[in-house]
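A short worksheet on the structure shown next.
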Amino acid sequence: MLSCREQFSYLTDSDLIYLDNAATSQLPISVLNAQQQYWQYAHANAHRGAHQRARSATEAWERCRQTAATFIGANAADVSLQTSTTQALNHLALMLAEQQPDLRKIVVSAAEHHANWLPWQYLAQRCGAEFVVLPVAVESGEIQQWQQLIDSDTDLVAITHVSNVSGVINPVEEICRHAHKQGARVIVDAAQSAAHLALDVDQLQCDALVFSAHKVYAPVGVAVMYLAADWWPQLTPQIRGGGMVAQVTPFSASWLPDIHRFEAGTPNVAAAVGLTNALQWFAEQAPHQAQVEQSFNWLQQQLAQRPWLQRVAANTSRRIPLLSLYCESIHSQDLAFMLDEAGIAVRAGQHCAQPLLQQLGLSSVVRLSWGLNNRDDDMQRVVDALDQAYQLFIE
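Under UniProt numbering, the first residue of the sequence shown carries the number 1, and numbering increases by one thereafter.
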């Protein structure tokens with residue numbers, strides 16, 4: 001099976017192994033070309049003018065909305081294009097602070113990225129709500145006690161679909177069903193799952209779902225925010241400006257009746273063009289995705305044979321091709337540096353997930369995250385580089 005590697009311009013003349021896809025994925029050549037075409041022939045402000053370029057920009061913006069909606073099994077009327085997952089979650093928290101100032105209980109998990117923790121911690125403090133954290137099993141990385149802690153007092157659950165540290169896939173569909181029986185809304189952070197799992201908001205039964213373009217082989221600067229049709233009309237936008245108002249007077253303002261009310265300001269059309277192309281490209285890569293997962297499984301088997309190397313959530317098979325490592329005798333930053341010297345790009349640190357690492361009793365870990373830019377023989381090079389680093393530090 002052919003690799004996708006030749007479709008990424010930065011790799012065509014390089015031996016670099018890029019294993020930092022969980023932070024930001026690389027851009028396929030087709031995405032770069034689509035953006036260049038937009039900048040050269042259609043660059044203008046969307047929803048702002050009647051001239052040909054403005055109409056083209058508007059069409060490109062709305063095409064992205066439709067493509068993203070199809071990608072997650074939603075109606076385009078319920079999909080808002082934001083600037084990032086972090087911005088979308090914060091915007092949603094601010095809207096809920098106004099819509100539901102009497103929230104009683106907000107539940108998150110210990111596995112959350114700070115972007116899906118801090119907005120809800122703030123919201124709980126502002127509303128005087130109880131802030132409850134679901135624990136995570138050390139060995140498997142699985143969320144625990146959600147059946148007990150999500151109860152009839154719970155108004156809101158914010159949960160990550162996939163941990164950005166362990167790669168563990170959480171039972172989001174089951175959590176959504178249980179939370180709804182308790183009368184709670186559920187917000188899903190799909191930043192890590194979007195590039196690896198099929199997303200269907202109807203199947204998940206979530207009330208909101210967000211992910212960023214730069215995690216799915218698209219540029220930074222645009223993100224997808226799905227809001228349930230029975231929820232978003234109740235929300236008042238908290239980021240206000242041009243393009244989202246119905247009427248403004250010296251004494252009042254009213255908002256557009258559709259999803260555009262959440263999109264104040266000049267939209268990043270170039271990023272939207274990139275996302276449209278990336279999602280279309282991604283849909284054609286299913287055979288390559290399966291190959292990535294097979295190679296990743298081989299790597300896990302190899303690492304399991306090295307007792308000096310510990311894996312976060314080692315005892316689970318429910319994960320995307322992402323894992324974090326640590327070695328008691330080598331600091332994670334040193335290990336990452338040695339891998340970089342071998343031409344392997346990884347990330348070391350706390351990964352914006354301090355509560356999770358605190359629960360695991362770890363100060364930092366090295367994260368390796370695979371994508372369609374990787375090939376089979378990358379795995380052996382990674383194993384060899386890890387072995388060489390260990391031999392160097394223990395001698």
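Glycine included, each C-beta is placed from N, C-alpha and C at the ideal position.
Since this is a predicted model, take the numbers as computed values, not measurements.
When beta bridges are read from the DSSP output, residue 255 appears opposite 245. At least 7 Å separates the beta-carbon of residue 273 from that of residue 122.
Three or more beta-carbon pairs separated by less than 8 Å are not found between the stretch 111-130 and the stretch 293-306, which leaves the two stretches without contact. In the three-state reduction of the DSSP assignment, residue 210 falls in the strand class. Judged by DSSP in its simplified three-state form, residue 122 adopts helix. Residue environment for residue 266: exposed (fewer than 16 other C-beta atoms within 10 angstroms of its C-beta).
As a beta-bridge residue in DSSP terms, residue 326 pairs with 310. In the structure shown, residue 52 falls within a helical segment according to DSSP collapsed to helix, strand and coil. By the neighbour-count criterion, in which a residue is buried when 16 or more other Cβ atoms sit within 10 angstroms of its Cβ, residue 248 is exposed. Setting aside the 5 residues that flank it on each side, residue 388 is surrounded in the same chain by 338 and 342, each with a C-beta closer than 8 Å to its C-beta; the list follows chain order. For residue 352, the CB contacts under 6 Å within the same chain, skipping 5 residues up- and downstream, are 113 and 114 in chain order. For residue 109, the enclosing beta strand (DSSP E) begins and ends at 105-109.
Residue burial annotation: residue 246 is exposed, with fewer than 16 other C-beta atoms found within 10 angstroms of its C-beta.
The continuous alpha helix (DSSP H) containing residue 30 extends over residues 29-41. Apart from the 5 residues on each side of it in sequence, residue 347 sits with its Cβ closer than 6 Å to the Cβ of 20, 23 and 367 in its chain, given in chain order. Annotation: residue 203 to residue 173 spans about 7 Å, alpha carbon to alpha carbon.
The alpha-carbon separation between residue 190 and residue 160 amounts to approximately 6 Å. Just measuring C-alpha positions, the residue of 32, 192 and 167 sitting nearest residue 142 is 167. Here DSSP, grouped into helix, strand and coil, assigns residue 162 to strand. Under the Cβ criterion (8 Å, minimum of three pairs), the stretch 375-395 counts as touching the stretch 318-334.
For residue 58, the closest C-alpha among the options 116, 46 and 250 is that of 46. Straight through space, the alpha carbons of residue 157 and residue 100 are spaced by roughly 14 Å. Contact between the stretch 249-259 and the stretch 25-39 is absent, with fewer than three C-beta pairs closer than 8 Å.
Between the C-alpha atoms of residue 106 and residue 139 there is a straight-line separation of about 26 Å.
Bounds of any alpha helix (DSSP H) do not take in residue 19, whose DSSP letter is neither H nor E. As summarised for the stretch 320-365, the continuous alpha helix (DSSP H) elements at least 4 residues long and confined to that stretch are 332-341 and 354-360, given in chain order.
Under the DSSP assignment, residue 226 falls in the beta strand (DSSP E) whose first and last residues are 223-227. Taken atom to atom, the span from the alpha-carbon of residue 150 to that of residue 91 is near 24 Å.
Sequence-distant partners of residue 120 (beyond 5 residues in either direction) whose C-beta falls short of 6 Å from its own C-beta, in its chain, are 106, 108 and 158. Shown here for residue 17: same chain residues with a beta carbon closer than 8 Å to its own, the five before and five after excluded, namely 343, 344, 345, 374, 378, 381 and 382 in chain order. Approximately 38 Å separates the beta-carbon atoms of residue 63 and residue 316; this is outside 8 Å, ruling out the contact. Residue 131: member of the beta strand (DSSP E) spanning 130-134, first to last residue.
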